[in-house]
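Residue numbers (UniProt numbering): 1 to 177.
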């Protein structure tokens with residue numbers, strides 16, 4: 001599947017954030033690299049069915065992982081963050097179709113990433129069954145901005161029922177009409 005559509009059983013073009021069904025939470029996440037500093041930044045945003053931000057986070061690690069591994073870590077961190085906030089997601093969106101396909105199809109058993117994929121897929125680890133969706137980069141811009149910010153900060157940042165002011169315009173622009 002190309003990166004212009006959602007790959008979670010839906011076959012539609014997505015260019016902005018789409019709310020989850022009533023009384024559920026959706027998490028968007030991503031990772032970005034600073035190869036020079038050996039640092040990976042993670043952006044996480046959890047929203048409810050009204051599109052309200054319930055929690056957001058900019059996190060980082062000092063590491064040199066592959067793009068796939070960093071995206072898998074973004075997914076794992078987003079699930080753990082949601083659980084820590086009492087907002088376990090029913091859907092996790094990321095702009096990386098390969099890892100979503102691995103998780104959705106169960107084809108990861110032969111992957112070099114099997115350990116982290118199994119951790120993400122473990123129902124004991126993530127609570128209820130989580131649906132993983134691939135979205136285009138354009139539909140994940142607020143989260144990407146948070147991940148980029150995570151590359152600059154000295155301490156991880158967390159916000160409850162809000163997001164940092166520097167992504168407010170991106171969040172508003174990301175809402176469906």
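Yeah, the Cβ is synthetic: ideal placement off N, Cα and C, and Gly gets one too.
Item                                                                                      : Value
Where residue 24 falls: helix, strand or coil (DSSP)                                      : coil
Where residue 93 falls, given that 16 or more other Cβ within 10 Å makes a residue buried : buried
Rounded Cβ spacing between residue 64 and residue 38 (contact assumed at less than 8 Å)   : 5 Å
Proximity winner among 59, 77, 130, relative to residue 152 (alpha-carbon distances)      : 59
C-alpha gap between residue 180 and residue 156, whole angstroms                          : Because residue 180 is not part of the residues shown, which for the chain are 1 to 177, the question remains open.
Residue 38 in three-state terms, based on DSSP                                            : coil
Status (buried if at least 16 other CB within 10 Å, exposed otherwise) for residue 54     : buried
Euclidean distance between Cα positions of residue 100 and residue 68                     : 10 Å
Residues bridged to residue 93 (per DSSP)                                                 : 28, 133
Whole-angstrom distance between residue 74 and residue 2, CA atom to CA atom              : Because residue 2 carries a pLDDT of 34, less than 50, the predicted location of this residue cannot be relied on, and the following value inherits that uncertainty. Going by the C-alpha atoms only, they are around 21 Å apart.
Cα-Cα separation, residue 34 to residue 61                                                : 11 Å
Start and end residues, beta strand (DSSP E) containing residue 63                        : Note, residue 63: premise wrong, no beta strand (DSSP E); not H, not E.
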